[in-house]
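Enquirer:
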Amino acid sequence: MSILSIRGVSRSFAGRDGQSTVALQATDLEVAENDFLTILGPSGCGKSTLLRIVAGLDAPSSGEVLLDGRKVLGPGADRGMVFQSYTLFPWLTVLENVAFGLRERGLPKAQQLEIAQDFIAKVGLAKFAGHYPKQLSGGMQQRTALARALANGPRILLMDEPFGALDHQTRELMQELLLGIWEREKKTVLFVTHDIDEAIFMGSRVVVMSARPGRIKSDLPSPFAHPRH
Ligand code: ADP
Ligand code: ADP
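Residue numbers (the working numbering): 156 to 384.
1) Given a threshold of 16 other Cβ atoms within 10 Å of its Cβ, counted over all protein chains shown, does M314 qualify as buried or as exposed?
2) How many whole angstroms separate the CB atoms of L206 and T182, which I take to be in contact at a CB cut-off of 8 Å?
3) By the 10 Å Cβ neighbour count, where 16 or more other Cβ atoms means buried, how is Q324 classified, buried or exposed?
4) Which residue comes first and which comes last in the alpha helix (DSSP H) that contains M329?
5) Check whether the Cβ of A178 sits closer than 7 Å to any heavy atom of ligand 1, and report yes or no.
6) Would you call the region 296–304 and the region 185–196 in contact, with 3 or more CB pairs under 8 Å?
7) Rounded to a whole number of angstroms, what is the C-alpha to C-alpha distance between V227 and I371?
8) Where do the N-terminal and C-terminal ends of the beta strand (DSSP E) with T176 fall, by residue?
9) Thinking just about the alpha-carbon of each residue, which of F255, E251, K277 is nearest to the one in E340?
10) For E353 and N307, what's the separation of their Cα atoms in angstroms?
Structure representation (structure tokens):
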């Protein structure tokens with residue numbers, strides 16, 4: 156039984172000259188609970204568009220996305236997104252950033268703090284809860300963004316080149332951190348990267364896309380997946 160079904164999803168963008176760009180064409184994908192999918196492909200092949208549609212931040216031009224058999228109509232706490240550029244609120248501390256979604260949902264203050272502190276500890280930032288993003292390294296900012304995504308209790312983590320801006324050593328630490336969280340917390344992960352090594356190491360299943368128009372070219376189990384798989 157799929158947790159996520161992407162059925163015949165296409166997305167076109169209208170250009171100024173009246174021409175339209177087909178970012179994604181007739182894409183089908185079935186994702187099982189606890190799958191770790193990596194999505195690989197050249198720039199412009201529709202990877203971000205696909206993730207944004209699953210996140211409910213964009214809508215398909217045709218086709219549909221089903222989550223547990225129900226059509227996705229917008230963003231929800233069942234999906235958490237992590238971007239390459241961290242996208243933290245600079246005027247909020249680590250703790251306030253991570254608690255942000257919980258506050259939006261109207262949870263009592265004490266519960267917000269308890270949940271946020273729990274996830275801040277899980278990403279190894281317990282000592283930095285009172286820091287502001289600009290006081291942190293890139294890796295630590297991305298740990299904060301991961302904690303923020305996890306705090307809302309999503310079943311699916313959508314990650315768009317999350318470690319693309321990090322140096323090699325930090326990237327390896329983050330890969331290990333994410334795989335540990337994925338295993339312990341039983342998440343389903345869709346992880347976009349254009350790094351082939353990262354794709355076959357992190358994913359149990361590697362989806363390769365091609366451009367013009369964006370579509371899935373292959374979808375295979377990884378032969379070199381991390382031992383946690
Ligand atoms: P990738 O993430 O694989 O690099 P994207 O999903 O960002 O690819 O983009 C796929 C195609 O759709 C590209 O040709 C891109 O220029 C186009 N595109 C994406 N978003 C928009 C937009 N908001 N308006 C117009 N064109 C877009
Ligand atoms: P990460 O820990 O996410 O891999 P770095 O490798 O850049 O990020 O940081 C290594 C360590 O340096 C951190 O775990 C932290 O202990 C310390 N550190 C980094 N930035 C700061 C900071 N702004 N204030 C205090 N300690 C820091």
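Glycine residues also receive a C-beta, built at the ideal position from the N, C-alpha and C atoms. No experiment lies behind these values; they were computed from the predicted model shown.
Expert: In brief:
1) buried
2) Incorrect: roughly 12 Å between the Cβ atoms, too far for contact.
3) exposed
4) 323–340
5) yes
6) no
7) 21 Å
8) 175–187
9) K277
10) 26 Å
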